[in-house]
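In what follows, a structure is listed as structure tokens, so that the remarks can point back to it.
There are 2 protein chains.
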Amino acid sequence: MAWSLSEDKGLAGWSLRELAAGVGMRAPSLYVYFRAKDQIYDAMFGESYRQLLERSVATPLPDEPRSRLHAMASMFFDFAVENPARLQLMFWRVIPGFEPSAEAYAPSLQALTLGQEALAGIGIADQAAMDMWTAVLTGLVTQQASNDPGGERWRRLLDEAVDMFAAAYL
Amino acid sequence: MAWSLSEDKGLAGWSLRELAAGVGMRAPSLYVYFRAKDQIYDAMFGESYRQLLERSVATPLPDEPRSRLHAMASMFFDFAVENPARLQLMFWRVIPGFEPSAEAYAPSLQALTLGQEALAGIGIADQAAMDMWTAVLTGLVTQQASNDPGGERWRRLLDEAVDMFAAAYL
DNA sequence: GTCTATATTCTGATAGAC
DNA sequence: GTCTATCAGAATATAGAC
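Residue numbers (my numbering), protein chains in the order written: chain A, 547 to 716; chain B, 547 to 716.
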């Protein structure tokens, strides 16, 4: 429900009253489950990276290097663009003062490690190349979400971007 | 002053009272200059793109294609990363419900056009290539601002990224 | 566990004196 | 143009009945 509100009104655009109403409760009842609003963001943050992790392990990784890059890129792009509020929470720093707890942060490290291993398996192992990879994907995602939300303008460039990266780093 | 508050506390992290205090006033006095808070964001939005425009025209454009790309990339990256709050306002959609007015939007279109002309001058004229260019730059900027604020981790990859792009599109 | 009622504080915005 | 005073409502959060 917090997600559906965030999609409609932005990540910071809803109150505890609205959230409670959405689940058929009143605001004070939420405090049985969360000590404060930040803890709700924290739970959402953790859940987001657990979803990414889940999606990552569910995505078959081809052995052929270029194919693997395409598969990883598609998985990540579609996941990231799927939910703009989640994108803001995961990859931008949008909620003033919110810092994820160590517990919520853990799955994000796992997801990162998993991605790095997948790249290492096709010979992309140095930090710079990996950072370039994340930058290219993040750029396409950011442009898509910011300048053509719901569209395909940058989605269509994904394969081309992967080929460009592959030509330089594979 | 709105800028300095935004840098400290986030774009949405300050109130009219705080802003007024910062300029040695009380909150109601602001309404002489702005009809509402959104109009302050609007002014900031317009100012940001006017700054980018100003920076763009002040940056000499080499004729040699690859050099031109490097010059454009450095200018844009440094400008974008310089002020995280400005980055959020200009390139992400972070303030719930805020839409720039036509007047504030105008300089952003000018800046875009200027960049497109600079690319067209070295033979990069089709939409897809231009979109790829903005995506690559945006990605580096976003990663730098989000994951290594104040650092140089993605700034160091800028030349490499430009070369990668040049190899594919020049 | 959920509620009503409420505390407290903050918000953007307005009225009207000077 | 700037102020004091204030509105109306929002926010998060707590107390305590049931």
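We treat Cβ as the ideally placed atom computed from N, Cα and C, and that holds for glycine.
Predicted model only: the values in this text are computed from it and were never measured.
Contacts with chain B at 9 Å (Cβ-Cβ) include A:Gly559. The beta-carbon distance between A:Ala566 and A:Leu576, rounded to whole angstroms, is 5 Å. This is short enough to meet the 8 Å contact definition. With a beta-carbon spacing of about 6 Å, B:Met678 and A:Leu703 fall inside the 8 Å limit used to define contacts. Residues Arg614, Ala617 of the same chain have their beta carbon placed closer than 7 Å to that of A:Pro608, with the five preceding and five following residues left out of the count. Distance from the CA atom of B:Tyr595 to the CA atom of A:Pro606, rounded to whole angstroms, is 43 Å.
Chain order gives the chain A residues near B:Gln689 as Asp677, Thr680, Ala681, Thr684, where near means a beta carbon separation below 8 Å.
Within a 10 Å sphere around the beta-carbon of B:Ser552 sit 16 or more other beta-carbons, which makes this residue buried. Listed in chain order, the alpha helix (DSSP H) elements of length 4 or more contained wholly in the stretch 665–705 of chain A are 673–693.
With a cut-off of 8 Å on Cβ pairs, the stretch 652–659 of chain A is not in contact with the stretch 665–678 of chain B, counting fewer than three such pairs. Distances from the CA of B:Ser647 to each of B:Ala681, B:Tyr587, B:Glu698 were compared; the closest alpha carbon is that of B:Tyr587. Under the Cβ criterion of 9 Å, B:Lys583 is not counted among the residues facing chain A. Neighbourhood of A:Leu703 in chain B, by CB distance below 8 Å: Ala674, Asp677, Met678, Ala681, in chain order. In its chain, beyond the 5 residues on either side, Leu633, Val687 have a beta carbon closer than 6 Å to the beta carbon of A:Ala626. Interface residue (Cβ-Cβ distance to chain A less than 9 Å): B:Phe637 is classified as such.
A:Asp554: member of the alpha helix (DSSP H) spanning 548–555, first to last residue. The beta carbons of B:Leu683 and B:Ala619 sit about 6 Å from each other, so the pair counts as a contact at 8 Å. The alpha-carbon of A:Arg701 is positioned some 8 Å away from that of A:Phe623. Counting along the chain, B:Ile586 sits inside the alpha helix (DSSP H) bounded by residues 583–604. Here B:Met710 carries a helix assignment [DSSP, helix/strand/coil]. Annotated three-state conformation of A:Ala650 is helix, per DSSP. DSSP, reduced to helix, strand and coil, places A:Asp624 within a helical segment of the structure shown. Taking a C-beta distance under 9 Å as the contact criterion, B:Leu557 and B:Ala573 do not qualify as a contact pair. Taking a Cβ-Cβ cut-off of 9 Å, A:Glu593 has no neighbours in chain B, whose nearest Cβ is about 19 Å from it. Linking A:Leu598 to A:Leu658 through their CA atoms gives a straight-line distance of about 10 Å. Chain B has a Cβ within less than 9 Å of the Cβ of A:Phe711. DSSP, reduced to helix, strand and coil, places A:Ala566 within a helical segment of the structure shown.
Counting along the chain, B:Arg632 sits inside the alpha helix (DSSP H) bounded by residues 630–637. Less than 9 Å separates the beta-carbon of B:Phe711 from that of A:Met710. With contacts defined by Cβ atoms closer than 9 Å, A:Gly559 and B:Pro630 do not form a contacting pair. Separation of the CB atoms of B:Arg581 and B:Leu716 is rounded to 48 Å, and the pair is thereby denied contact status at 8 Å. Contact between B:Val640 and A:Val640 holds: CB atoms are separated by about 6 Å, below the 8 Å threshold. For the 9 Å CB-CB criterion, B:Ala713 and A:Ala713 form a contact.
One thing to note: B:Phe591 has its Cβ no nearer than 9 Å to the Cβ of B:Met621.
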